[in-house]
Structures are given as structure tokens and as C-alpha cells.
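Asks: The structure that follows is given in the form of C-alpha cells.
Numbering (UniProt numbering), first residue to last: 1 to 299.
Pasting the structure below:
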């Protein structure tokens, strides 16, 4: 009994004793499909995932590149080598320094704790440590503080355009406003009895810095004989220290003390442009009034 049309010649029926649907030439249908590379072929070889050990060098390379980019453009770790910033910072603390905002033209502000390169002559008597190869590499990618660069960390007291002064037994004043520094200078220290100074007008694009441990800090006060008169160029500033990252029990942010936000601290700078504007406008006002008055008289 015919069950369907066949072309050419009769093909053997698919019976249980003919496994794999063997064709007349002895080739199975499955193997024919596999040779043609058709989807669903059970013999198609799958790619084995790369082993972890082969991926590890690539992951390490990417991590090192990211660390280098972060160190160069975002943040960098620095170690505190001295007691000049006690009690805000202790010897051995690791701080993270924000290096991003200076890229956008941000200038150091009063009250910030900043890291800056030696302006020249500040650390001439300080011997730089001799790091090994591993320390140099970790410093290069930012996983360890730089051991070769001569950097300092101090608090910004005055910026370009300010007038700063401190007389013996008196407070530090900025633009005539006294700073209340009890919240951040070392307990028992005086503002400047060991080295009074001023008044000093801070040049544009420069800053005046002091340590929080006033009697144990060779800061701007002690370098007035050098070029810049003890001030530091803003170009030498690496960035602002924003957080104590290590040790864990010392973790803390480094905010700007409230005394630097007191009203009137910017008064001297703020009034200067206005005063110049008024001085320039007065002659024009008098000239216009004289012209109008002269015109009415002539009429």
C-alpha cells in the first residue's frame, strides 16, 4: 500500500534495526547534517572558557592602569612624616588628596589642608628616603605615598589679595578679622608667639600656609627670606587633603574650620572692586550733570 510519492527509487524504511536512519550509501542522516555545519548538531565543538590564570595578567594590567589614572587625575595617598599638623594629623597617618578639582581651575581656599611641592629651600636639610624597587613602583601607580618627591602638608591661612598678620600674644588676623583657631591648633600652642609676623600682603596666585602645631612647624613664617616671601605658588599645590584613610581607627574627614567662614573675612577683597567702580563712575556722573545743567541755562 502506497503511503506517499517517492522520487527516483524506493528508500528503505526506518526500522528499529536501522539505527541512525542509515541511507542507501551507508551514511547516517545525522552525520550528513553534522558535516554541513547545520544548527543543532550535537558534535559541534564549544569554545572552552579561558582559565583564571590566563585571565589574571590581563586583570592585573587593567587594575594597574586604572590605579595610575586615578593617582594622576583623581586622588593620591600621602603619608604624614612629621608632627607639624598635630592634632589634626598624626605622624604616620595616610591621607587621600583630591587632585581632580585643581584640573577645573579651582584655587586653594582659606582653611583647607593642602599638599604642595617644596617651593625651594623649605626641605633642603631634610634627607629623602631611599626606596626600593617595589616601593618605587607602588608609588608610581599611587598605591603608596611618593618616597622621592619632597612634599609638605599645611593649612592655608591666607590667599592672594589677603593681608595676614600675627603679633605676639595676639591672634592671626586675615584682612583685619581675627581667626579663632582653638578648634584646630595643637593644645597649649599660641597662634604665633614663637614667630610673630606681618602685616604681609599675599601676592596673586600665592598662599600663606601654617601648621596646626604652631610651635613645631617650619611654615611660611620661617621662609620669608626666600623668593616669594614665605608664600607658596598655587602651581605647586598638589591638591587638598580630604580624608584620613589610615589607620582605620583614625578615619575622619578634613573639613574647613568655621572661623574661615566668618562674615567680613572677604570684605577687603569684596569692597576693592566696588570702590574702584564708584571712583570711576563719579567723574562721569559729574560730567553728565554739568552738561545737563549747562544745556538748561543756555535755553
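Every residue, glycine too, gets a C-beta built ideally from N, C-alpha and C.
#1: Identify whether residue 122 lies in helix, strand or coil by the three-state DSSP scheme.
#2: Is residue 247 helix, strand or coil when you go by DSSP?
#3: What's the call for residue 92, buried or exposed, on a 16-neighbour Cβ count within 10 Å?
#4: Does the stretch 190-199 come close enough to the stretch 160-175 that 3 or more CB-CB pairs lie under 8 Å?
#5: Can you tell me whether DSSP reads residue 215 as helix, strand or coil?
#6: Could you tell me the distance, in whole angstroms, from the CA atom of residue 57 to the CA atom of residue 84?
#7: May I ask you to list the residues that DSSP assigns as paired with residue 239?
#8: Beta strand (DSSP E) containing residue 76: first to last residue?
#9: Count the other CB atoms within 10 Å of the CB of residue 205; is the residue buried (16 or more) or exposed (fewer)?
#10: Whose C-beta lies closer than 6 Å to the C-beta of residue 264 among residues of the same chain, with five residues either side of it excluded?
#11: What span of residues does the beta strand (DSSP E) with residue 198 cover, start to end?
#12: Residues in the same chain with beta-carbon distance under 6 Å from residue 272, minus the five sequence neighbours each way, listed in chain order, please.
#13: DSSP state of residue 256, grouped into three classes?
#14: Counting C-beta neighbours from all protein chains within 10 Å, is the total for residue 112 16 or more, i.e. buried, or is it exposed?
#15: Could you tell me whether any non-hydrogen atom of the ligand FMN is closer than 7 Å to the CB of residue 155?
#16: Under a three-way DSSP split, which group does residue 186 fall into?
#17: At what residues does the beta strand (DSSP E) containing residue 167 begin and finish?
#18: Count the other C-beta atoms from every protein chain shown that fall within 10 angstroms of the C-beta of residue 200, then say buried if there are 16 or more, exposed otherwise.
#19: Are the CB atoms of residue 181 and residue 152 nearer to each other than 8 Å?
#20: Please name the residue, chosen from 266, 179, 217 and 81, that lies closest to residue 258 on a Cα-to-Cα basis.
#21: In angstroms with no decimal places, state the Cα-to-Cα distance between residue 155 and residue 232.
#22: Which of helix, strand or coil does DSSP assign to residue 88?
#23: Quick check: residue 157 and residue 208, are their CB atoms within less than 8 Å of each other?
#24: Taking Cβ positions, are residue 241 and residue 75 nearer each other than 8 Å?
Replies: So, from the data block:
#1: Position 122 of the chain shown, counted from the start, is the residue given in the question as residue 122. DSSP places residue 122 in coil when its eight states are reduced to three.
#2: Position 247 of the chain shown, counting from 1, holds the residue named residue 247. Under the three-state reduction of DSSP, residue 247 is assigned to coil, being neither helix nor strand.
#3: Counting from one through the chain shown, the residue named residue 92 turns up at place 92. Residue 92 should be labelled exposed.
#4: Segments in contact, yes.
#5: Counting from 1 along the chain shown, the entry for residue 215 is found at position 215. Judged by DSSP in its simplified three-state form, residue 215 adopts helix.
#6: Walking along the chain shown from the start, residue 57 turns up at place 57. Walking along the chain shown from the start, residue 84 turns up at place 84. Distance from the CA of residue 57 to the CA of residue 84, rounded to the nearest whole angstrom, comes to 42 Å.
#7: Residue numbering aside, residue 239 sits at position 239 when the chain shown is read from its first letter. DSSP output for residue 239 lists 115 as bridge partner(s).
#8: Mapped onto the chain shown, residue 76 falls at position 76. If you look at residue 76, you'll find it in the beta strand (DSSP E) that goes 75-79.
#9: The residue you call residue 205 lines up with position 205 of the chain shown. Label assigned to residue 205: exposed.
#10: Taking the chain shown and counting its residues from 1, one reaches residue 264 at position 264. Hits under 6 Å: 177.
#11: Translated into the one-based positions of the chain shown, residue 198 becomes position 198. Start and end: 197-201.
#12: Walking along the chain shown from the start, residue 272 turns up at place 272. The pLDDT assigned to residue 272 is 37, lower than 50, so where the model puts this residue is not dependable, and the model offers no usable value.
#13: Numbered from its first residue, the chain shown carries residue 256 at position 256. In the three-state reduction of the DSSP assignment, residue 256 falls in the coil class.
#14: For this step, residue 112 is matched to residue 112 along the chain shown. Buried, since its Cβ has 16 or more Cβ neighbours within 10 Å.
#15: Here there are no bound small molecules, and the ligand FMN is not part of this structure.
#16: Here the question's residue 186 lines up with position 186 in the chain shown. In the three-state reduction of the DSSP assignment, residue 186 falls in the coil class, being assigned neither a helical nor a strand state.
#17: Here residue 167 corresponds to residue number 167 of the chain shown, with the count starting at 1. Element bounds for residue 167: n/a, residue is neither H nor E.
#18: For the purposes of this step, residue 200 is taken as the residue at position 200 of the chain shown. With 16 or more Cβ atoms within 10 Å of its Cβ, residue 200 is classed as buried.
#19: Sequence index remark: in the chain shown, residue 181 carries index 181 (1-based). Sequence index remark: in the chain shown, residue 152 carries index 152 (1-based). No. Outside cutoff.
#20: Taking the first residue of the chain shown as position 1, residue 258 is located at position 258. The shortest C-alpha to C-alpha distance from residue 258 to any of 266, 179, 217 and 81 is the one to 179.
#21: As a first step, residue 155 is located in the chain shown; it is residue number 155 there, counting from the start. As a first step, residue 232 is located in the chain shown; it is residue number 232 there, counting from the start. Straight-line Cα distance between these residues: approximately 12 Å.
#22: For the purposes of this step, residue 88 is identified with residue 88 of the chain shown, where counting begins at 1. Three-state result, residue 88: coil.
#23: Start at 1 with the first residue of the chain shown, and residue 157 comes out as number 157. Start at 1 with the first residue of the chain shown, and residue 208 comes out as number 208. Result yes, Cβ atoms of residue 157 and residue 208 sit closer than 8 Å.
#24: Indexing the chain shown from 1 puts residue 241 at position 241. Indexing the chain shown from 1 puts residue 75 at position 75. Not a contact, by the Cβ cut-off of 8 Å.
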